[in-house]
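The listed protein sequences correspond, in order, to chains A and B.
Adding 368 to a residue's 1-based position in the first sequence gives its number in my numbering.
Adding 20 to a residue's 1-based position in the second sequence gives its number in my numbering.
Where a beta carbon is used, it is the ideal one built from N, C-alpha and C, also for glycine.
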Amino acid sequence: MNDFTIIRRSLAARKLSTIFTSLSVAVAVALMLVLLMMRDSGRAAFERGSGNMHLLLSADSDPLTAILNSVFLAAPPRRPIEHAKFEQLAMRAPWEFFIPTQIGDSYQGLPVFATTGEFFTKFKPDPVEPWKLQSGRFFDKNFEIVLGSRAAQETGLKPGDKISLTHGMPKTRAQLQEEGITGDVPAPHVHDEYKFEVVGILEPTGGAHDRALMTGITGAWILHAHDRREKAEHEKDAAEANKEEGHDHADEHDHEHEALTTEADLIDSDRKITGVYARVMTRPGSDSSAMIPVVFAQMRADPTITVAQPTQEIDKLFRIVGSVDQILIAMAAVVAASSGISILLALYNSMEQRRRQIAVLRVLGASAGRIFRLVLAESLILGAIGAAFGVAVALIGAQIVASEMKARLGLVIEPSIAPLMGVYVVVGAILLAGIAGLLPAIVAYRTSVAKNLRPLG
Amino acid sequence: MSLGVTCLRFRHGTELMTAMPPALAIQDLHFSYGRDHFEIVVPSMQLAPAEQVLLTGGSGTGKSTILQLIAGLVDPQQGVVRVAGENMHAMRGAARDRFRGAHIGMIFQTFNLLQGFSALENVLAALMFSEMPKLSHRARARELLQSLGIARPEALVETMSVGQQQRVAVARAVACRPALVLADEPTASLDPENSAAAIELIQRTCSESGAALLCTSHDPAMKERFPRVESLDALRRPVIAQVGAGAGA
Numbered sequence: 369m370n371d372f373t374i375i376r377r378s379l380a381a382r383k384l385s386t387i388f389t390s391l392s393v394a395v396a397v398a399l400m401l402v403l404l405m406m407r408d409s410g411r412a413a414f415e416r417g418s419g420n421m422h423l424l425l426s427a428d429s430d431p432l433t434a435i436l437n438s439v440f441l442a443a444p445p446r447r448p449i450e451h452a453k454f455e456q457l458a459m460r461a462p463w464e465f466f467i468p469t470q471i472g473d474s475y476q477g478l479p480v481f482a483t484t485g486e487f488f489t490k491f492k493p494d495p496v497e498p499w500k501l502q503s504g505r506f507f508d509k510n511f512e513i514v515l516g517s518r519a520a521q522e523t524g525l526k527p528g529d530k531i532s533l534t535h536g537m538p539k540t541r542a543q544l545q546e547e548g549i550t551g552d553v554p555a556p557h558v559h560d561e562y563k564f565e566v567v568g569i570l571e572p573t574g575g576a577h578d579r580a581l582m583t584g585i586t587g588a589w590i591l592h593a594h595d596r597r598e599k600a601e602h603e604k605d606a607a608e609a610n611k612e613e614g615h616d617h618a619d620e621h622d623h624e625h626e627a628l629t630t631e632a633d634l635i636d637s638d639r640k641i642t643g644v645y646a647r648v649m650t651r652p653g654s655d656s657s658a659m660i661p662v663v664f665a666q667m668r669a670d671p672t673i674t675v676a677q678p679t680q681e682i683d684k685l686f687r688i689v690g691s692v693d694q695i696l697i698a699m700a701a702v703v704a705a706s707s708g709i710s711i712l713l714a715l716y717n718s719m720e721q722r723r724r725q726i727a728v729l730r731v732l733g734a735s736a737g738r739i740f741r742l743v744l745a746e747s748l749i750l751g752a753i754g755a756a757f758g759v760a761v762a763l764i765g766a767q768i769v770a771s772e773m774k775a776r777l778g779l780v781i782e783p784s785i786a787p788l789m790g791v792y793v794v795v796g797a798i799l800l801a802g803i804a805g806l807l808p809a810i811v812a813y814r815t816s817v818a819k820n821l822r823p824l825g
Numbered sequence: 021m022s023l024g025v026t027c028l029r030f031r032h033g034t035e036l037m038t039a040m041p042p043a044l045a046i047q048d049l050h051f052s053y054g055r056d057h058f059e060i061v062v063p064s065m066q067l068a069p070a071e072q073v074l075l076t077g078g079s080g081t082g083k084s085t086i087l088q089l090i091a092g093l094v095d096p097q098q099g100v101v102r103v104a105g106e107n108m109h110a111m112r113g114a115a116r117d118r119f120r121g122a123h124i125g126m127i128f129q130t131f132n133l134l135q136g137f138s139a140l141e142n143v144l145a146a147l148m149f150s151e152m153p154k155l156s157h158r159a160r161a162r163e164l165l166q167s168l169g170i171a172r173p174e175a176l177v178e179t180m181s182v183g184q185q186q187r188v189a190v191a192r193a194v195a196c197r198p199a200l201v202l203a204d205e206p207t208a209s210l211d212p213e214n215s216a217a218a219i220e221l222i223q224r225t226c227s228e229s230g231a232a233l234l235c236t237s238h239d240p241a242m243k244e245r246f247p248r249v250e251s252l253d254a255l256r257r258p259v260i261a262q263v264g265a266g267a268g269a
């Protein structure tokens, strides 16, 4: 028997009140932690994704969309940059690297990121950390695939496996309805003429590329060139069939279509590029260059492309989200304050029923100070239970929010609590509970023993 | 204040004459409260160690108040109350509470057991604030409850019969081996048969544990059960009566 037994019994005697009071603290702590986690992890995820590139070039409508699509693989860009334009831009500035990328295909809902070998040798996902392989090697031929760590985890693929890619990203019914398409979701077109072989798996980077399947851009062009050629053949067949009504040439034509497209069949319009990762030449060991703003201004003057500085766009995004962030954190603080009030009320109201118990404990030898500490400790324990529950809820909640962010925005966020921040929130909740417990503790301290032992004299 | 001379008898039969302070010694106690200045005046009163005294008086004569004065729950305007030789009211705050927990046991008419706690925990609660070594608490509580016939010490007190609750209350009062047990109308809510059994239990338990017993009651039938009876009716002002001046049963 110790003070904790008395507190435990007291809390158990008011089970419902204890549960709801702890829940209100848990909600406040969870809300606060999820917001802080998502803010910090979100920012970290955004900062990680752009790596050591200085500029992103695309044909998207605005720089932020360009960053979200081409760096965070949120959605395939709607408009590509023509190859001729790409070559022209490549000559216009002193680039350290100028890497073409193409997003459009997918595998099991994961984006396929088509690029060149320079993506692995020159672009770094983290400004100071280059790509590292978990297993296998980087691709060096067409139709080879390197898996991001999460993509490998989610698909279960390993080096040596062969897969077919799906044209486009699968759309949900909601997305189709937005586009005015109703009825059944159409089956996606699988490029099953070409098998891609998994040759390597990357180490995790914490960026969006972790959930992508990286492949050579020429192979991706060949896939689409094959589609183009097949479509042309079908149109030609249809036209001929119209001319020669009633005559079936299907067998002959099928034979013709079996010929696979090669690099030699590519025409300029096949070589579509949806984004360019670019880095201006810098001095060795330096990340910045006086040339960056000059090149940025020069590129921005071109109305046919959109140029984005990832760091600026991320800052812009966080400025937009920041005010919402502050409102939400203020709301969480209000919830925390109200949970403090609910602790105060729960304990204060219980004092009326506990006066006799307090008087008996005093008769048994408990000092007024000890009674004060018991009630205060009870309040702190309520806060601690709520805070512990809140941390658990926050971790689960953050995972849910992160998976929603991934599903809706394609943004990979690894929710984690900065230990110090977590400690601040938990200690803050417990302290708040302590403050809320002060008034009931004072009431308990001042409880008259003589008055509350039923007078019989 | 005079010290009582006590004869300690050991199990092996030897006797040791030693000077022990009385379990209770009151000197010039003045206490008044309320709009009508209700007053209690006790010029002198003593209880020897292990002595059992009945304080009688009608309702409103201040029986409970005098017990609260003795327990140090209420401060008198004047006078000294010594329990086991210690001046209760000279001690302040936590020291007085600790002393009360260690040296005074209290039994109430309604038992005042801690609801939501088991019988064992009610006894342990008394030991918790005592000076007895922590390791001995559980064994002491179990032993007491067993000797008082509590078969299920882990049962919550609210699930027990009135008789069992009273036994738990008695066990709690003597758990710390107090010098003095104050019983405030312990039989007021019981029928005559149970009342006799209850007072017998209290007296026997106090005797066994060597505690003096000061029991208040307005039941005339109780007088026969105590070797010494004091009346409080005379204590209300303006009449000042002297308690302990030999007003026997």
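So, with DSSP's three-state summary, where would you put residue i?
i	result
ILE467(A)	strand
ASN370(A)	coil
ALA618(A)	Model confidence at ALA618(A) stands at a pLDDT of 49, short of 50, so the residue's coordinates are unreliable; what they give is reported in the following sentence. ALA618(A) falls in the helix class under three-state DSSP.
GLY485(A)	coil
HIS50(B)	strand
VAL791(A)	helix
ILE590(A)	helix
LYS490(A)	coil
VAL94(B)	coil
THR85(B)	helix
ARG447(A)	coil
GLN456(A)	helix
GLN502(A)	strand
SER385(A)	helix
ALA380(A)	helix
SER390(A)	helix
Mind checking which residues open and close the beta strand (DSSP E) that includes residue i?
i	result
ASP560(A)	558–570
ILE641(A)	Looking at the DSSP string, ILE641(A) is not in any beta strand (DSSP E), and its letter there is neither H nor E.
ILE124(B)	124–128
GLN72(B)	72–76
ASP693(A)	Note, ASP693(A): premise wrong, no beta strand (DSSP E); alpha helix (DSSP H) at 678–731.
GLU250(B)	248–251
Contact criterion: CB-CB distance below 7 Å. Does residue i meet it with respect to chain A?
i	result
ASP211(B)	no
MET180(B)	no
LEU176(B)	no
GLU151(B)	no
VAL145(B)	According to the sequence provided, residue 145(B) is Ala. The question's Val does not apply to it. True, the Cβ-Cβ gap to chain A drops below 7 Å.
ASP95(B)	no
SER251(B)	no
LEU221(B)	no
ASP117(B)	yes
PHE137(B)	yes
ALA232(B)	no
Check whether the Cβ of residue i lies closer than 7 Å to any Cβ atom in chain B.
i	result
GLY733(A)	yes
GLN725(A)	yes
MET369(A)	yes
ARG377(A)	yes
ALA818(A)	yes
ALA381(A)	yes
GLY802(A)	no
Mind checking who residue i pairs with in its DSSP beta bridge?
i	result
ARG102(B)	ALA45(B) and ASN107(B)
PRO63(B)	PRO63(B) is not bridged to any residue.
THR583(A)	ALA482(A) and ILE513(A)
Does any CB atom of chain E fall closer than 7 Å to the CB of residue i?
i	result
GLY78(B)	Although the question refers to chain E, the structure presented lacks it and instead comprises the protein chains A and B.
Can you say whether residue i is buried or exposed, counting buried as having 16 or more other CB atoms within 10 angstroms of its CB?
i	result
ARG651(A)	exposed
VAL480(A)	buried
GLN186(B)	buried
ALA265(B)	Low per-residue confidence applies at ALA265(B): pLDDT is 40, beneath 50, and the placement is therefore not dependable, though the value from the model is reported in the following sentence. Exposed is the call here.
PHE372(A)	exposed
ARG814(A)	exposed
Looking at the secondary structure, which residues open and close the alpha helix (DSSP H) in which residue i lies?
i	result
ARG187(B)	182–194
PRO208(B)	Sequence check: residue 208(B) is Ala here, not Pro. That residue, ALA208(B), is in no alpha helix (DSSP H); it is neither H nor E in DSSP.
THR433(A)	431–438
SER167(B)	154–167
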